[in-house]
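Colleague: First the structure, which I've put down as structure tokens, then a few questions once you've had a look.
Protein chains: 4
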Amino acid sequence: MPRVIVSAAEEILEKEYKCLNHGFVRLIDYMGSDESIVQAARVSYGKGTKTIREDRTLIRYLMRHHHTTPFEMVELKFHVKLPIFVARQWIRHRTANVNEYSGRYSIMPEEFYLPEKKDIKPQSTTNRQGRSEEEIPLEIRQKVLNLLMEEQKSSFNGYNEMLESNVSRELARINLPLSLYTQWYWKIDLHNLFHFLRLRIDDHAQYEIRVYAKAMGEMVNRVAPLAWEAFEDYIFNSITLSKTELTALKEFFPEEIPNQKLEQLDLSSYEIAELAEKLKKIRKL
Amino acid sequence: MPRVIVSAAEEILEKEYKCLNHGFVRLIDYMGSDESIVQAARVSYGKGTKTIREDRTLIRYLMRHHHTTPFEMVELKFHVKLPIFVARQWIRHRTANVNEYSGRYSIMPEEFYLPEKKDIKPQSTTNRQGRSEEEIPLEIRQKVLNLLMEEQKSSFNGYNEMLESNVSRELARINLPLSLYTQWYWKIDLHNLFHFLRLRIDDHAQYEIRVYAKAMGEMVNRVAPLAWEAFEDYIFNSITLSKTELTALKEFFPEEIPNQKLEQLDLSSYEIAELAEKLKKIRKL
Amino acid sequence: MPRVIVSAAEEILEKEYKCLNHGFVRLIDYMGSDESIVQAARVSYGKGTKTIREDRTLIRYLMRHHHTTPFEMVELKFHVKLPIFVARQWIRHRTANVNEYSGRYSIMPEEFYLPEKKDIKPQSTTNRQGRSEEEIPLEIRQKVLNLLMEEQKSSFNGYNEMLESNVSRELARINLPLSLYTQWYWKIDLHNLFHFLRLRIDDHAQYEIRVYAKAMGEMVNRVAPLAWEAFEDYIFNSITLSKTELTALKEFFPEEIPNQKLEQLDLSSYEIAELAEKLKKIRKL
Amino acid sequence: MPRVIVSAAEEILEKEYKCLNHGFVRLIDYMGSDESIVQAARVSYGKGTKTIREDRTLIRYLMRHHHTTPFEMVELKFHVKLPIFVARQWIRHRTANVNEYSGRYSIMPEEFYLPEKKDIKPQSTTNRQGRSEEEIPLEIRQKVLNLLMEEQKSSFNGYNEMLESNVSRELARINLPLSLYTQWYWKIDLHNLFHFLRLRIDDHAQYEIRVYAKAMGEMVNRVAPLAWEAFEDYIFNSITLSKTELTALKEFFPEEIPNQKLEQLDLSSYEIAELAEKLKKIRKL
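Residue numbers (my numbering), protein chains in the order written: chain A, 1 to 285; chain B, 1 to 285; chain C, 1 to 285; chain D, 1 to 285.
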């Protein structure tokens with residue numbers, strides 16, 4: 001008796017989301033949905049919910065209160081083609097499964113990342129790890145592109161020359177640049193994917209990995225739309241204030257906010273109580 | 001465009017495999033199959049295979065050589081009802097996702113593990129952690145059962161009494177015994193599941209967890225039959241000989257074994273070469 | 001050439017911090033300190049710091065910006081004696097190493113958790129997982145204690161009876177209650193310990209595990225005092241406001257706060273810029 | 001009261017073990033020893049041991065029977081300088097903590113891996129992932145070296161040129177080759193280190209990572225010599241025979257081996273019984 005899977009995610013399954021000049025990310029398979037999160041929460045927290053509205057409330061509660069294990073019950077598998085310097089940032093997330101193309105077994109294809117002219121930017125002076133929003137003169141950007149292309153060509157010629165001399169693949173490849181494309185299958189659960197996305201969609205992440213993170217965010221929105229919405233509201237677009245920052249702002253916080261207003265803002269009765277609790281805690285600082 | 005999943009695993013999806021007196025394990029969902037293992041290996045090791053026969057050869061090669069990452073691309077999710085003392089052994093496997101029924105949120109149901117009479121056995125004298133195969137007199141076994149039942153009943157009465165006095169659930173439950181049933185959703189990838197099964201189907205594991213491990217083994221055999229077969233041949237039914245054991249046996253090993261014989265035994269040409277290599281290594285000790 | 005280790009942590013090494021009626025936590029060993037965090041950060045983020053004041057600034061920067069990997073370079077090992085129901089909550093933190101006393105190998109000692117009278121409280125009506133702050137009549141609390149003690153005694157008698165009948169240890173123990181004490185060695189890195197402490201010092205955690213978490217917090221404060229201070233300021237005592245909460249509060253937030261005031265509050269120039277950034281982001285909602 | 005640490009590992013602490021042309025590995029810190037393994041095992045398996053001879057027997061028992069958790073109680077921290085293509089293989093081991101030099105924050109130094117002439121070898125025809133033991137003509141090896149050096153120089157000139165044009169560091173570095181050196185702090189527990197060493201000292205690993213693995217093996221031998229010896233005897237120099245291989249060899253295995261001989265070979269009475277068990281199992285195939 002075959003099973004039929006209906007989900008907005010089916011429409012994009014295996015489709016290439018283009019990233020950078022030659023890269024892509026494809027959703028290859030997934031297991032679970034918003035319903036699986038609810039199902040797992042139900043076993044922990046009791047009898048559970050019956051309507052989609054209640055599902056939404058429960059998922060938002062779980063997200064807000066860092067009850068992360070139900071989100072681990074959803075699993076996604078991607079096929080990604082990406083430059084090696086992006087792969088090196090990506091792989092630092094250890095809670096995932098990976099199978100990467102191997103330059104020891106196979107010959108690397110001649111595909112390199114080249115930035116678009118608009119993305120060639122100067123070193124930021126305020127952010128030691130990133131690009132400034134300033135402009136670099138067009139002729140310099142063109143020069144940079146030429147330089148990158150020439151070197152990529154020359155290093156690949158060298159690679160070919162060594163392979164033709166029958167040098168072992170594992171050695172012939174060592175001068176290939178970090179801009180070379182590789183590819184992998186990458187499988188991760190939704191909780192850990194949210195952690196990845198939070199860090200890699202962020203402005204502090206390098207532009208080239210952000211492109212992939214944003215594409216995966218759209219895919220998550222198809223697999224588990226309620227979880228994605230909760231992630232955006234409670235994690236990605238939230239702001240954390242330190243003890244000292246709260247002290248500095250203390251006098252500005254109101255004693256309370258009219259419930260009527262809060263309900264208009266789509267705050268559940270739980271959240272209204274939680275916000276009152278926060279305000280009380282701040283006043284006590 | 002909905003997707004249709006056809007697999008021998010579909011036939012048993014959500015079905016209860018009874019374990020012990022009140023427990024069960026159910027396969028709730030899974031992602032991947034033998035084909036996913038091959039697909040992931042293909043990205044690492046090159047162009048890949050076209051027939052099921054080649055798939056089998058590749059999967060067996062991966063298993064034999066501890067190329068474990070392709071097996072991580074298959075994921076299984078189980079719903080398990082199990083006594084707490086089994087859950088405590090089970091949870092030591094850290095590379096899985098878990099959502100357990102919570103005695104802080106919900107009232108525990110009155111269900112306890114009682115061994116069958118045949119499983120009440122004396123302490124082993126050779127194996128400090130296990131049961132002997134010797135017999136215990138029948139009247140003692142009956143006495144043990146009565147003792148267990150009485151205590152289970154009495155502790156649950158105490159639990160109820162405290163709940164009725166409105167003692168918080170998180171405190172009322174602390175005298176419930178380890179034989180009480182709990183339940184959880186448990187999700188794990190196939191590589192880590194094989195590791196679990198290797199240790200927990202083994203004779204050294206406690207009988208009560210072996211029952212669950214064996215049921216899950218049957219389920220794996222439906223999700224990824226070629227991988228399961230390889231696991232049985234190369235891992236579960238293999239024997240490892242230490243350097244000193246090999247030295248002791250050295251003189252008995254033959255110089256070589258006729259290929260004809262090896263082929264009859266379903267050893268591939270790769271494996272024949274590998275066995276020759278092993279024999280050579282042993283001779284050199 | 002032996003090495004000499006000088007640290008405020010040496011004074012408490014191996015000392016028992018009493019927890020609950022029979023439990024304890026002891027710091028058995030540790031590797032690293034605030035200096036190791038700085039050392040690891042230095043390799044990633046460049047040339048580094050020279051004074052303790054700069055160390056503090058760097059550690060606070062790392063904590064605030066979720067640069068968690070340098071904190072993973074500090075490792076702590078504890079010896080803990082704890083009731084099994086606490087152990088079951090504790091073990092859910094998977095990123096640690098554990099060796100627990102085994103009831104299959106050894107006979108369990110007769111030691112049970114008994115709450116103090118003051119800690120026997122009714123079920124909370126607002127918090128489904130916890131105790132209320134209300135009182136339970138004293139005679140009921142006494143009754144609960146008597147009930148717990150009787151059952152503990154009776155279940156241990158049953159255990160002994162089965163052991164004397166030579167029933168295997170692994171089976172004789174199954175009716176022992178969750179209030180029985182066990183013990184283990186538990187080793188974890190500082191980043192993951194902070195995650196544990198954040199959740200387990202919190203008011204939502206069960207009182208009995210909070211006692212242990214607080215004791216370990218004091219120990220961390222000796223091993224890495226600057227990291228602990230940063231954890232308290234930026235994580236434990238911070239407050240996160242969701243997108244909707246920020247919208248509700250938006251009108252109350254000031255355009256800016258005078259630098260003079262912020263400096264008095266011990267906000268570094270970095271943090272002042274970051275707070276301005278946050279206020280700007282909120283205004284844009 | 002400061003603590004004094006005496007261990008053979010102290011003599012090599014922070015010392016550079018040279019690896020390849022510019023690389024090294026240094027043991028920066030460690031926690032635990034053979035005694036810690038015994039201490040952790042003792043809590044699980046009972047009252048424990050009193051002499052070094054008994055410690056050795058226990059550690060060997062643990063290793064042989066895959067009781068891996070006590071080995072997790074020892075932790076080692078290394079500082080490593082290594083080419084990026086080696087780092088990419090290394091990082092696939094996920095159960096470790098890492099802080100790597102960042103090309104976004106800092107300027108990469110001009111240091112590249114160049115193989116020695118003797119290590120430039122042709123592609124293996126039998127091993128798809130490795131080098132053959134055949135020779136490549138000397139003039140070709142010289143040509144390869146020249147090619148590698150020229151490209152390394154040229155790519156670093158390009159890097160410098162882009163930095164001088166104020167292109168952001170994160171972009172300027174993308175054409176640097178995989179032969180460039182990076183460095184990191186790497187921390188791991190002994191069980192997971194053994195797993196790493198088993199795979200990376202092995203002949204199938206790329207020569208350039210084997211060099212590091214072997215150096216770390218020597219360091220382990222100083223931190224926990226009994227554990228290292230057990231690893232060599234039971235894991236690294238053991239041979240696993242599959243079910244089919246055992247069937248092929250079955251007729252050659254003896255019924256039994258005289259105990260006298262086995263004792264001469266340093267097999268404990270436990271191991272003698274285990275070997276008899278293995279022979280019995282093989283006969284039954």
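Here a beta-carbon is modelled for each residue, glycine too, at the ideal position from N, C-alpha and C. These figures come from a predicted structure and were not determined experimentally.
#1: Do M73 of chain B and K187 of chain A have their CB atoms nearer than 8 Å?
#2: Closer than 8 Å by beta-carbon distance: list the chain A residues that pair up with R100 of chain B, in chain order.
#3: I'd like to know if V4 of chain D contacts chain G, where contact means its C-beta is closer than 8 Å to some C-beta of that chain.
#4: For L148 of chain C, tell me which candidate among C:N166, C:R173, C:K117, C:K261 has the shortest Cα-Cα distance.
#5: Measuring only between beta-carbons, confirm whether E72 of chain C sits less than 8 Å from chain A.
#6: Could you give the DSSP three-state label for K243 of chain D: helix, strand or coil?
#7: Among C:L226, C:M63, C:S179, which one has its Cα closest to the Cα of Q89 of chain C?
#8: By Cβ distance, which residues of its chain are closer than 6 Å to F194 of chain B, with the 5 residues on each side in sequence left out?
#9: Suppose the cutoff is 8 Å on Cβ atoms and the five residues either side in sequence are ignored; what does the same chain contact list for D55 of chain C look like?
#10: Report the option in D:I12, D:M108, D:I239, D:D233 whose CA atom is closest to the CA atom of L62 of chain D.
#11: Name the two residues that bound the continuous alpha helix (DSSP H) containing I272 of chain B.
#12: Could you check how far apart the C-beta atoms of F176 of chain D and P177 of chain A are, in whole angstroms? I think they sit under 8 Å.
#13: What residues from the segment 156 to 167 of chain D come within 9 Å of chain A, judged by C-beta to C-beta, listed N to C?
#14: Quick check: the Cα distance between A248 of chain B and T247 of chain D, rounded to an integer number of angstroms?
#15: Name the chain B residues whose beta carbon is nearer than 7 Å to that of K121 of chain C?
#16: Could you say which of C:I136, C:G103, C:P122, C:I12 lies nearest to E170 of chain C if we only look at CA atoms?
#17: Taking 8 Å as the threshold (beta carbon to beta carbon), is S242 of chain C in contact with chain B?
#18: Are the CB atoms of S168 of chain C and Q123 of chain B within a distance shorter than 8 Å?
#19: What are the boundary residues of the beta strand (DSSP E) that includes H191 of chain D?
#20: Kindly say whether Y304 of chain C, judged by its beta-carbon, lies nearer than 8 Å to any beta-carbon of chain A.
#21: Thinking L20 of chain A and V211 of chain A are a contact (beta carbons under 8 Å), I'd like their distance in whole angstroms, please.
#22: Closest to D119 of chain D by CA distance: which of D:G130, D:T126, D:E111, D:P109 is it?
#23: At a Cβ cut of 8 Å, what residues of the segment 126 to 137 of chain A count as close to chain D, listed as they run along the chain?
#24: How long is the line joining the alpha carbons of P254 of chain B and K250 of chain D, rounded to whole angstroms?
#25: Check each residue of the segment 52 to 78 of chain B: if its Cβ is closer than 8 Å to any Cβ of chain A, include it; give the result in chain order.
#26: Of the choices A:A40, A:H66, A:R64, A:N99, whose alpha-carbon is the least far from that of H67 of chain B?
#27: Can you give me the Cβ contacts of T182 of chain C inside the same chain, cut-off strictly under 7 Å, excluding the 5 residues immediately before and after it?
#28: Using a Cβ cut-off of 7 Å, pull out every chain C residue sitting near P254 of chain A, in sequence order please.
#29: With DSSP run on the structure shown, which of helix, strand or coil describes F252 of chain C?
#30: I'd like the span of the beta strand (DSSP E) that includes E110 of chain B, first residue to last.
#31: With a CB to CB cut of under 7 Å and the five nearest residues on each side skipped, what residues in its chain are close to S268 of chain A?
#32: Return the bridge partner residues of H79 of chain A from the DSSP annotation.
#33: Excluding sequence positions up to five away, which residues of its chain have a Cβ less than 6 Å from the Cβ of V223 of chain B?
#34: From the DSSP output, in three-state form, read off R3 of chain B for me.
#35: Leaving out the 5 sequence neighbours to the left and right, which residues in its chain are closer than 8 Å to F236 of chain C when beta-carbon positions are compared?
#36: Please state if the CB of H79 of chain A and the CB of I28 of chain A are separated by a distance shorter than 8 Å.
Modeller: Put simply:
#1: Here residue 73 of chain B is taken as the residue at index 73 of the second sequence, counted from 1. Here residue 187 of chain A is taken as the residue at index 187 of the first sequence, counted from 1. Cβ distance < 8 Å, so M73 of chain B and K187 of chain A count as in contact.
#2: Your numbering for residue 100 of chain B matches position 100 in the second sequence. Before going on, a small fix: residue 100 of chain B reads as Glu here, not Arg. Within chain A, V43, S44 have C-beta atoms less than 8 Å from the C-beta of E100 of chain B, given in sequence order.
#3: No chain G appears in the structure shown, which is made up of the protein chains A, B, C and D.
#4: Translated into positions along the third sequence, residue 148 of chain C becomes position 148. When only C-alpha atoms are compared, the closest one is C:K117.
#5: Position 72 of the third sequence holds residue 72 of chain C. No, E72 of chain C lies away from the interface with chain A (no Cβ there is under 8 Å from its Cβ).
#6: Reading the fourth sequence from its first residue, position 243 is the one you call residue 243 of chain D. It is helical.
#7: Taking the first residue of the third sequence as 1, we reach residue 89 of chain C at position 89. When each option's Cα is compared against that of Q89 of chain C, the closest is C:S179.
#8: On the second sequence, position 194 is the one that residue 194 of chain B refers to. If we look at F194 of chain B and ignore the five residues flanking it on each side, its Cβ neighbours are F231.
#9: Here residue 55 of chain C is taken as the residue at index 55 of the third sequence, counted from 1. For D55 of chain C, the CB contacts under 8 Å within the same chain, skipping 5 residues up- and downstream, are D34, E35, V38, T49, L226 in chain order.
#10: In the fourth sequence, residue 62 of chain D corresponds to position 62, counting from 1. Comparing Cα positions, the closest option is D:D233.
#11: On the second sequence, residue 272 of chain B is found 272 positions in, with the first residue counted as 1. Per DSSP, I272 of chain B belongs to the alpha helix (DSSP H) from 269 to 283.
#12: The residue you call residue 176 of chain D lines up with position 176 of the fourth sequence. The residue you call residue 177 of chain A lines up with position 177 of the first sequence. The amino acid at residue 176 of chain D is misidentified as Phe; the sequence shows Leu. That belief holds up - the Cβ atoms of L176 of chain D and P177 of chain A are roughly 6 Å apart, short of 8 Å.
#13: For chain A, the residues of the segment 156 to 167 of chain D that bring a beta carbon within less than 9 Å of one of its beta carbons are G158, E161, M162, L163, S165, N166, V167, in chain order.
#14: Looking up residue 248 of chain B in the second sequence gives position 248. Looking up residue 247 of chain D in the fourth sequence gives position 247. Whole-angstrom Cα-Cα distance: 19 Å.
#15: Here residue 121 of chain C is taken as the residue at index 121 of the third sequence, counted from 1. The contacting residues are S168.
#16: Within the third sequence, the letter at position 170 stands for residue 170 of chain C. Of the candidates C:I136, C:G103, C:P122, C:I12, the residue whose Cα lies closest to the Cα of E170 of chain C is C:G103.
#17: For the purposes of this step, residue 242 of chain C is taken as residue 242 along the third sequence, with counting starting at 1. So no, S242 of chain C is outside the interface.
#18: For this step, residue 123 of chain B is matched to residue 123 along the second sequence. For this step, residue 168 of chain C is matched to residue 168 along the third sequence. The answer is yes: Cβ separation under 8 Å.
#19: Position 191 of the fourth sequence holds residue 191 of chain D. It is not in any beta strand (DSSP E) - H191 of chain D instead sits in the alpha helix (DSSP H) that spans 190 to 200.
#20: The shown model of chain C, from 1 to 285, leaves out residue 304 of chain C, and the question about it has no answer.
#21: Working through the first sequence from its first residue, we reach residue 20 of chain A at position 20. Working through the first sequence from its first residue, we reach residue 211 of chain A at position 211. Their Cβ separation, rounded to whole angstroms, is 6 Å, which keeps L20 of chain A and V211 of chain A in contact under 8 Å.
#22: Start at 1 with the first residue of the fourth sequence, and residue 119 of chain D comes out as number 119. If we check each option's Cα against that of D119 of chain D, D:G130 comes out closest.
#23: Along the segment 126 to 137 of chain A, the positions whose C-beta sits under 8 Å from a C-beta of chain D are R128, Q129, G130, R131, S132, I136, read in chain order.
#24: Here residue 254 of chain B refers to the residue found at position 254 of the second sequence. Here residue 250 of chain D refers to the residue found at position 250 of the fourth sequence. P254 of chain B and K250 of chain D: Cα-Cα distance of roughly 11 Å.
#25: Cβ contacts with chain A: T69, P70, E72, M73, E75, K77.
#26: Translated into positions along the second sequence, residue 67 of chain B becomes position 67. For H67 of chain B, the nearest C-alpha among the options comes from A:N99.
#27: As a working note, residue 182 of chain C is residue 182 in the third sequence. Here the set comprises L82, I84, A87, E100, Y101.
#28: To locate residue 254 of chain A, count along the first sequence from 1; it is residue 254. Using a Cβ-Cβ cut-off of 7 Å, P254 of chain A is close to F252 of chain C, given in chain order.
#29: Start at 1 with the first residue of the third sequence, and residue 252 of chain C comes out as number 252. Here F252 of chain C sits in helix by DSSP.
#30: Numbered from its first residue, the second sequence carries residue 110 of chain B at position 110. Per DSSP, E110 of chain B belongs to no beta strand (DSSP E) and is neither H nor E.
#31: By one-based count along the first sequence, residue 268 of chain A stands at place 268. Cβ neighbours of S268 of chain A beyond the five flanking positions: T57.
#32: The residue you call residue 79 of chain A lines up with position 79 of the first sequence. Looking at the DSSP assignment, H79 of chain A forms a beta bridge with A:R26, A:Y185.
#33: Numbered from its first residue, the second sequence carries residue 223 of chain B at position 223. For V223 of chain B, the CB contacts under 6 Å within the same chain, skipping 5 residues up- and downstream, are A9, Y30 in chain order.
#34: One-based indexing of the second sequence puts residue 3 of chain B at position 3. The answer is strand: DSSP assigns R3 of chain B an E or B state.
#35: If you number the third sequence from 1, residue 236 of chain C lands on position 236. In its chain, beyond the 5 residues on either side, L197, R198, I201 have a beta carbon closer than 8 Å to the beta carbon of F236 of chain C.
#36: Residue 28 of chain A sits at position 28 when you count from the first residue of the first sequence. Residue 79 of chain A sits at position 79 when you count from the first residue of the first sequence. Yes, Cβ-Cβ distance for I28 of chain A and H79 of chain A is below 8 Å.
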